[in-house]
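Numbering (our numbering), first residue to last: 5 to 693.
Even for Gly, the Cβ is constructed at its ideal location relative to N, Cα and C.
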């Protein structure tokens, strides 16, 4: 699989841009989008007012203490802004690279789709949808389109990051071309499929910059939960001042809680950690898709990938290597296997298909049959045709043919020969095992069968096993007959298969799963895949495929690698795991901070609460300031985890929940005890509290 070279997590240009943008994000309108951080933002402004008041009026509070609280509240907001800006910055760096590929080149516009027509040279920006252009070797493709004539190799490194050329041609599933790529050889006639500003490159730039990013349903739900928690704690804190004053009056001793301490308490109680990192987690999830060379049309698609529980995978190129390979020579009765191998290799020397090359290699490796002087032998090769369903060679008075069993049997019978029962059994046995039998004959004498097999990719069965543990069902889709499909499905370890798949059958299968409450993911590259892609919850279109497929999908794989679907699901699950883990850590964090700040906040009102100072913090002021500083710094330390994501492991839900509670739940409880105590010791040592 080809992926873009991973950028350093804290690349200096990205950090520099993020630092500047974290200041720009202090705009109140931006802060209002995040209720938790907006509360901290208002708290910062309020404490600045309290600081000014403490300079003018005796309030019983140290102005330096109030200023320190305001200072660290400001940094809490800045650190949250920095996390979001870092996540966005990685996407913007990718957008800059893509933007450099978008140039206003000259296009050769045609009036008719013929290379013989005289082209009109115009600027690419003047092209409109359905215009026809000629692109020759060395030309940059001026706009997105569909190839309607010609075949050429195209350099798509400006889009995919991969320098190896790809083939684009008319009339198939590799007919789509992208503006900004370059034709290396031959020529293409292309019908433009998008107006300026609506091209695939334009959409990619907007998406990776985050300009089109919308919050996902899960993210919105978590936002609502965090806002509700903030409101609850805000109402609770508002009542603390009158209750504190009432307690002092009733006891006749102590001093009431101050407004500065109330603000500090509120900020430490509300879930600031996850509130500050939530946006960054979502943006970073999309960035990880981009690093995998997958463009998601929305964060919703990335999130849906994490919830998928049914994967539909094409057999060819995804589960198998894509080309059948010769694995065995099975001679007919009375025929030496060496004779069969010799004839099979001779008939395949001019066969440039992967199957033909594998026959030559198998004969060489198993029986030592090497190069021959075909010129001296005056060999005449018979090419394969759809009519004869055979190929072969005439050499030195030998007439060797190989092909489908029915075709070779008819060829032999015309010459007075016949198939033996043993040979028929061998052909049938190979078919039952999901293979393809090729019969070899010399004249009217059948020599035996070549066993061609779909080679299942190494390790694919283990990956399906991991997916099964995660509760994901794998379904293989193939055009093969049910017998062949069943054999390959059993070897690959998929849970189910759909044989002789038609567009209608794929669509019905997806709808049936969705009707049962399942979320379905699939890949496709052809126009006939479009209905199923449009129906699937996660639809990954191949960049090499047709424009219709790309428009129907909600993700585009720039590498056109069908196995990428498994990686996409893993990235989606990593996004959900990261959000869940950091939410657990944040809430557990808040519980621990209660032990630091609540006794310190109320000890002046209720001296008995000093017994709850289990951390042994020096003074109430140092305890409160330490909690506020820790509350800000923990966001900084968690930024790398939010950007990189929690390490993905394919385990069951129960194991995942247990590990999450042990690592992030228990860890979230313990870390503040250590962190706040260390900060308290430092503040006292520096005489800052």
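Quiz item: So which of 520, 35, 137 has the shortest CA-CA distance to residue 124?
Solution: Within the chain shown, numbered from 1, the residue matching residue 124 stands at position 120. That would be 137, whose Cα lies nearest to the Cα of residue 124.
Self-check item: Residues sharing a beta bridge with residue 332, DSSP
Solution: Taking the chain shown and counting its residues from 1, the one referred to as residue 332 is at position 328. DSSP, once it has assigned bridges, lists 455 as partnering residue 332.
Quiz item: residue 537 to residue 529, Cα distance in whole Å?
Solution: Position 533 of the chain shown, counting from 1, holds the residue named residue 537. Position 525 of the chain shown, counting from 1, holds the residue named residue 529. About 9 Å.
Quiz item: Should residue 430 go down as buried or exposed, given a rule of 16 or more other Cβ atoms within 10 Å for buried?
Solution: For this step, residue 430 is matched to residue 426 along the chain shown. The residue in question, residue 430, is buried, as its Cβ has 16 or more Cβ neighbours within 10 Å.
Quiz item: Hey, how far is the Cα of residue 371 from the Cα of residue 206?
Solution: For the purposes of this step, residue 371 is taken as the residue at position 367 of the chain shown. For the purposes of this step, residue 206 is taken as the residue at position 202 of the chain shown. Rounded to the nearest angstrom, the two C-alpha atoms are 57 Å apart.
Quiz item: Taking Cβ positions, are residue 291 and residue 204 nearer each other than 9 Å?
Solution: Along the chain shown, read from residue 1 onward, the residue named residue 291 stands at position 287. Along the chain shown, read from residue 1 onward, the residue named residue 204 stands at position 200. Contact flag unset, no.
Exercise. Please list the segments of the beta strand (DSSP E) lying wholly inside the stretch 469 to 536, counting only runs of 3 or more residues, in order along the chain.
Key: 477 to 481, 500 to 502, 524 to 528
Quiz item: Bridge partners of residue 138, per DSSP?
Solution: In the chain shown, counting from the first residue as 1, residue 138 sits at position 134. Its beta-bridge partners are 112, 193.
Practice problem: Can you say whether residue 114 is buried or exposed, counting buried as having 16 or more other CB atoms within 10 angstroms of its CB? | Solution: In the chain shown, counting from the first residue as 1, residue 114 sits at position 110. By the 10 Å Cβ count, residue 114 comes out buried.
Quiz item: Of the choices 496, 460, 70, whose alpha-carbon is the least far from that of residue 2?
Solution: Because the chain here runs from 5 to 693, residue 2 falls outside it and cannot be looked at.
Quiz item: Three-state secondary structure (DSSP) at residue 145?
Solution: Taking the chain shown and counting its residues from 1, the one referred to as residue 145 is at position 141. Note: residue 145 maps to coil in three-state DSSP.
Practice problem: Can you give me the Cβ contacts of residue 689 inside the same chain, cut-off strictly under 7 Å, excluding the 5 residues immediately before and after it? | Solution: As a first step, residue 689 is located in the chain shown; it is residue number 685 there, counting from the start. Sequence-distant Cβ neighbours of residue 689 in its own chain, meaning closer than 7 Å and more than five residues away, do not exist here.
Quiz item: So, residue 570 versus residue 559, is the Cβ gap smaller than 9 Å?
Solution: Along the chain shown, one-based indexing puts residue 570 at 566. Along the chain shown, one-based indexing puts residue 559 at 555. Cβ atoms of residue 570 and residue 559: not closer than 9 Å.
Exercise. Report the rounded CA-to-CA distance for residue 299 versus residue 169, giving the unit in angstroms.
Key: The residue given as residue 299 occupies position 295 in the chain shown. The residue given as residue 169 occupies position 165 in the chain shown. Each residue's alpha carbon lies about 20 Å from the other.
Quiz item: Among 349, 139, 642, which has the Cα closest to the Cα of residue 406?
Solution: Within the chain shown, the letter at position 402 stands for residue 406. Of the candidates 349, 139, 642, the one whose C-alpha sits nearest the C-alpha of residue 406 is 349.
Quiz item: What residue range is occupied by the uninterrupted alpha helix (DSSP H) comprising residue 399?
Solution: In the chain shown, counting from the first residue as 1, residue 399 sits at position 395. From DSSP, residue 399 is part of no alpha helix (DSSP H) but of the beta strand (DSSP E) over 394 to 399.
Exercise. Quick one: grab the DSSP three-state call for residue 285.
Key: Residue mapping note: residue 285 aligns to position 281 of the chain shown, counting from 1. The answer is helix: DSSP assigns residue 285 an H, G or I state.
Exercise. Pick out the complete beta strand (DSSP E) segments inside the stretch 547 to 604, 3 residues or longer, and give them in chain order.
Key: Annotation note: the stretch 547 to 604 contains the following uninterrupted beta strand (DSSP E) runs of length 3 or greater, listed N- to C-terminal: 559 to 561.
Quiz prompt | residue 173: first and last residue of the uninterrupted beta strand (DSSP E) it sits in | solution = Residue mapping note: residue 173 aligns to position 169 of the chain shown, counting from 1. Here the beta strand (DSSP E) through residue 173 covers 170 to 173.
Quiz item: Are the stretch 256 to 269 and the stretch 541 to 555 touching, with three or more C-beta to C-beta distances below 8 Å?
Solution: no
Quiz item: In the DSSP assignment, what are the bridge partners of residue 402?
Solution: Here the question's residue 402 lines up with position 398 in the chain shown. Paired residues: 399.
Exercise. Whole angstroms is fine: what's the gap from residue 680's alpha carbon to residue 44's?
Key: If you number the chain shown from 1, residue 680 lands on position 676. If you number the chain shown from 1, residue 44 lands on position 40. One C-alpha to the other measures close to 19 Å.
Quiz prompt | Residue from 408, 418, 446 whose Cα sits closest to the Cα of residue 428 | solution = What you label residue 428 is simply residue 424 of the chain shown in a count that begins at 1. It is 408.
Quiz item: The alpha helix (DSSP H) spanning residue 416 covers which residue range?
Solution: Within the chain shown, the letter at position 412 stands for residue 416. Here the alpha helix (DSSP H) through residue 416 covers 409 to 418.
Exercise. Take the Cβ of residue 242 as the centre, count every other Cβ of all protein chains shown within 10 Å, and call the residue buried at 16 or more, exposed below.
Key: Along the chain shown, one-based indexing puts residue 242 at 238. Residue 242 should be labelled exposed.
Exercise. Tell me, please, which residues DSSP counts as bridged to residue 316.
Key: For this step, residue 316 is matched to residue 312 along the chain shown. In the DSSP output, where bridge partners are listed per residue, residue 316 has 479, 526.
Exercise. State yes or no: is the C-beta of residue 85 within less than 9 Å of the C-beta of residue 580?
Key: For this step, residue 85 is matched to residue 81 along the chain shown. For this step, residue 580 is matched to residue 576 along the chain shown. Note that the C-beta distance between residue 85 and residue 580 is not below 9 Å.
Quiz prompt | Bounding residues of the alpha helix (DSSP H) (the contiguous stretch that carries residue 675) | solution = Taking the chain shown and counting its residues from 1, one reaches residue 675 at position 671. Start and end: 670 to 689.
Self-check item: Simplified DSSP state of residue 20, which is helix, strand or coil
Solution: Here residue 20 refers to the residue found at position 16 when the chain shown is read from its first residue. Reduced to three states, the DSSP call for residue 20 is helix.
Quiz item: Would you say residue 397 and residue 388 are within 9 Å of each other, going by their C-beta atoms?
Solution: Sequence index remark: in the chain shown, residue 397 carries index 393 (1-based). Sequence index remark: in the chain shown, residue 388 carries index 384 (1-based). Not a contact, by the Cβ cut-off of 9 Å.
Quiz prompt | Status (buried if at least 16 other CB within 10 Å, exposed otherwise) for residue 506 | solution = Position 502 of the chain shown holds residue 506. When all chains shown are included, residue 506 counts as exposed.
Quiz prompt | Burial state of residue 609, where buried means 16 or more other Cβ atoms lie within 10 Å | solution = As a working note, residue 609 is residue 605 in the chain shown. The residue in question, residue 609, is buried, as its Cβ has 16 or more Cβ neighbours within 10 Å.
Self-check item: CA-to-CA distance, residue 393 to residue 450, given in whole angstroms
Solution: If you number the chain shown from 1, residue 450 lands on position 446. If you number the chain shown from 1, residue 393 lands on position 389. C-alpha separation (whole angstroms): 16 Å.
Quiz item: To which residues does DSSP link residue 159 through a beta bridge?
Solution: Residue numbering aside, residue 159 sits at position 155 when the chain shown is read from its first letter. DSSP, once it has assigned bridges, lists 186 as partnering residue 159.
Quiz item: With distances taken between CB atoms, is the gap from residue 600 to residue 676 smaller than 9 Å?
Solution: Within the chain shown, the letter at position 596 stands for residue 600. Within the chain shown, the letter at position 672 stands for residue 676. Yes; because the gap between Cβ atoms is below 9 Å, this pair is in contact.
Quiz prompt | CA nearest to the CA of residue 527, picked from 510, 515, 420, 517 | solution = Here residue 527 corresponds to residue number 523 of the chain shown, with the count starting at 1. Comparing Cα positions, the closest option is 510.
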